[in-house]
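**Student:** Quick note, the sequences are listed as chains A and B, same order. The numbering of the first sequence is the working numbering, which starts it at 82 and goes up by one. The numbering of the second sequence is the working numbering, which starts it at 40 and goes up by one. Glycine included, every Cβ here is placed at the ideal spot set by N, Cα and C.
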Amino acid sequence: MSFLLNLFFPHYGNNHKAKIIKTHGIFILTLSFVLFQVFLNFFVLARPSVLGYSSNISPEKIIELTNIERARTNVSPLRENRLLSEAARQKAADMFAFNYWAHVSPSGRTPWAFFTDLGYKYQYAGENLARDFSDPESVIKAWLNSPSHRENLFNQKYQEIGVAVVDGTLQGVETTLVVQLFGTPYGAIAPKSSTPKTAEKPVVVPIEQPEPLFNEILSKGQETVPVSSPLDITKATAFVILGILIGVFAVDVFVVSPKQIPRLSSRSFAQMVFLLAVLVASFFAKQGSIL
Amino acid sequence: MMNKFCEDIGEHFGHYLALFFILGFGITSFVFFQRTPQMQIVSAFLTTSFYVLWGIVHHYIEKDLHIRVVIEYMTVALLGFLILWSIIYRA
């Protein structure tokens with residue numbers, strides 16, 4: 082108890098400064114953090130199935146969450162279609178290969194080309210994109226918060242869905258891309274308007290339909306789902322360290338400063354604000370984006 | 040307790056304003072460059088360096104600058120930088 086008091090609370094016994102915020106206390110914390118990161122690196126190499134660099138997103142979960150959201154608004158659920166999943170995977174591969182983050186490739190290839198290339202004859206089609214999210218709930222939440230993506234998610238005209246989650250390097254940054262394609266097979270419902278929708282702008286459906294090219298069961302994209310990611314563990318560790326230090330500095334500001342005890346020390350308020358800034362920056366270090 | 044705290048802030052208002060500007064600019068640039076890790080590392084390094092500089096200047100003006108104080112600022116800045124660097128590296 083006395084040890085904890087010395088460590089976290091300023092009093093006469095520790096010269097009115099908690100030991101954890103003294104130079105050697107912070108230095109030990111810093112060293113521990115570095116050693117933990119080194120250990121994490123070795124652990125990632127030794128047990129990649131436990132700690133992997135992939136995000137915790139699976140295509141099945143995206144489809145499941147999409148259908149849960151549709152059910153909440155009484156919209157019929159979407160059926161998974163292997164052709165659409167493969168089209169989504171090919172779209173993601175195309176984005177990595179030609180290094181673009183857009184619905185239409187730099188060469189002018191539209192999302193609908195990926196449908197027709199695989200022989201998916203569509204009446205209605207749509208596409209949602211997401212990158213750099215670490216969990217499927219955040220992806221769905223971001224799409225729900227965007228009117229155009231939300232419209233795609235709840236569009237009653239869509240009957241089928243295909244999702245691919247692919248890791249790679251996009252524009253120099255390690256990225257997890259989520260491609261969600263919606264479709265309604267040609268002739269499935271009485272046509273009123275044949276306008277497929279991306280989240281940004283609609284593109285007219287081509288009239289000519291190519292012959293199906295699809296002969297075999299196609300994969301749904303990469304589905305490596307490790308138990309936890311090193312990023313999440315690093316963030317959690319950082320938040321714990323920063324939280325403890327901010328708390329102890331706050332106690333120091335509000336308990337010691339009013340007593341006007343003379344001591345040679347840095348400004349606890351400044352240290353607290355600096356660590357708060359680090360906390361905020363850590364939180365916003367890499368946020369997901371949608372298109 | 041709060042009165043004393045507010046007094047201290049008021050007394051060093053200019054200093055803390057400069058500190059908030061440094062940290063605000065640091066956070067903004069860090070978030071702005073979230074697709075460019077190299078720039079994020081540069082932002083983190085510059086912000087932590089300016090933070091240490093702020094501490095030195097502040098204590099120099101207050102006439103209580105000591106090497107121990109500088110080391111305290113440097114240690115906290117180092118921890119902050121290493122945390123940000125680790126997150127950038129893992130992201």
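On the criterion of 16 or more Cβ atoms from any shown chain inside 10 Å, does residue 157/A qualify as buried, or is it exposed?
**Tutor:** Exposed is the call here.
**Student:** Measuring straight from C-alpha to C-alpha, what distance separates residue 120/B and residue 90/B?
**Tutor:** Cα to Cα, the separation comes out at about 11 Å.
**Student:** Starting from residue 90/B, find everything on chain A with Cβ-Cβ shorter than 9 Å and list it in chain order.
**Tutor:** By Cβ distance, chain A contributes 351, 355, 358.
**Student:** Just to make sure I have the definition right: I need the residues of chain A whose C-beta is within less than 9 Å of the C-beta of residue 126/B. Which are they?
**Tutor:** Result: 312, 315, 316, 319, 362, 363, 366, 367.
**Student:** With 8 Å set as the bound, which would you pick, yes or no: does the beta-carbon of residue 294/A sit closer than that to a beta-carbon of chain B?
**Tutor:** Residue placement at residue 294/A is poorly supported in this model, since its pLDDT is 33, which falls under 50; the coordinates still yield a value, given next. Not one chain B Cβ lies under 8 Å of residue 294/A.
**Student:** Which ranges would you report for the alpha helix (DSSP H) in the region 112-175 of chain A if only whole runs of at least 4 residues count?
**Tutor:** If we require 4 residues or more, the alpha helix (DSSP H) runs fully inside the region 112-175 of chain A come out as 140-153.
**Student:** Work out the CA separation of residue 114/A and residue 321/A for me, nearest whole Å.
**Tutor:** Roughly 11 Å between the two C-alpha positions.
**Student:** Beta-carbon of residue 65/B versus every beta-carbon of chain A: anything under 8 Å?
**Tutor:** With 8 Å as the cut-off, residue 65/B counts as an interface residue toward chain A.
**Student:** Decide yes or no for the touch test of the region 201-215 of chain A against the region 253-261 of chain A: beta carbon pairs closer than 8 Å, at least 3 of them.
**Tutor:** Touching, yes.
**Student:** Keeping to the same chain, check which residues put their C-beta closer than 7 Å to that of residue 55/B; ignore five residues upstream and five downstream.
**Tutor:** Excluding sequence neighbours, residue 55/B sits near 48.
**Student:** From the DSSP output, which residues share a beta bridge with residue 244/A?
**Tutor:** In the DSSP output, where bridge partners are listed per residue, residue 244/A has 261/A.
**Student:** May I have the straight-line CA-CA distance separating residue 147/A from residue 234/A, to the nearest angstrom?
**Tutor:** So the alpha carbons of these two residues sit roughly 7 Å apart.
**Student:** Touch check for the region 239-247 of chain A and the region 159-174 of chain A: three-plus C-beta pairs under 8 Å?
**Tutor:** As far as the Cβ criterion goes, the region 239-247 of chain A touches the region 159-174 of chain A, which means the pair count is three or higher.
**Student:** Please list the residues of the region 110-130 of chain A that have a C-beta atom closer than 8 Å to any C-beta atom in chain B, keeping them in chain order.
**Tutor:** Residues 110, 111, 114, 115, 118.
**Student:** Do residue 108/B and residue 30/A come within 8 Å of each other at the CB atom, strictly closer than that value?
**Tutor:** An answer regarding residue 30/A cannot be provided, because it is not within the stretch 82 to 372 covered by chain A.
**Student:** What three-state label does DSSP hand residue 212/A in the structure shown?
**Tutor:** Here residue 212/A sits in strand by DSSP.
**Student:** Return the residue from the list 121/A, 365/A, 318/A that minimises the CA-CA distance to residue 110/A.
**Tutor:** The candidate whose alpha carbon is nearest that of residue 110/A is 318/A.
**Student:** In the structure shown, what three-state DSSP assignment does residue 114/B receive?
**Tutor:** Correct three-state label for residue 114/B: helix.
**Student:** Measure the C-alpha to C-alpha separation of residue 372/A and residue 360/A and round it to an integer number of angstroms.
**Tutor:** One C-alpha to the other measures close to 28 Å.
**Student:** In chain B, which residues lie less than 8 Å from residue 104/A when you measure between Cβ atoms?
**Tutor:** Per Cβ cutoff of 8 Å: 107, 110, 111, 114.
**Student:** Going by CA-CA distance only, name the one from 262/A, 161/A, 91/A that's closest to residue 328/A.
**Tutor:** Nearest C-alpha to residue 328/A: 91/A.
**Student:** Strictly below 8 Å CB to CB, what residues from chain A border residue 69/B?
**Tutor:** Per Cβ cutoff of 8 Å: 362, 365, 366.
**Student:** Along chain A, which residues have their Cβ under 9 Å away from the Cβ of residue 119/B?
**Tutor:** By Cβ distance, chain A contributes 323, 355, 356, 358, 359, 362.
**Student:** Could you check the C-alpha separation between residue 262/A and residue 226/A for me, to the nearest Å?
**Tutor:** When rounded, the distance between both Cα atoms is 18 Å.
**Student:** Quick one: list the residues of chain A neighbouring residue 95/B, beta-carbon separation under 8 Å, in chain order.
**Tutor:** Neighbours of residue 95/B on chain A: none; closest Cβ ~10 Å, over 8 Å.
**Student:** Distance cutoff 8 Å, beta carbons only. Does residue 56/B sit that close to anything in chain A?
**Tutor:** With 8 Å as the cut-off, residue 56/B does not count as an interface residue toward chain A.
**Student:** Using a Cβ-Cβ cut-off of 8 Å (strictly less than) and excluding sequence neighbours within five positions of residue 330/A, which residues of its own chain qualify?
**Tutor:** For residue 330/A, where only same-chain residues beyond five positions count, the Cβ hits under 8 Å are 102, 349, 350, 352, 353, 356.
**Student:** How long is the line joining the alpha carbons of residue 139/A and residue 73/B, rounded to whole angstroms?
**Tutor:** Computed Cα separation, rounded: 24 Å.
**Student:** Quick check on DSSP: helix, strand or coil for residue 256/A?
**Tutor:** Three-state DSSP puts residue 256/A in a strand.
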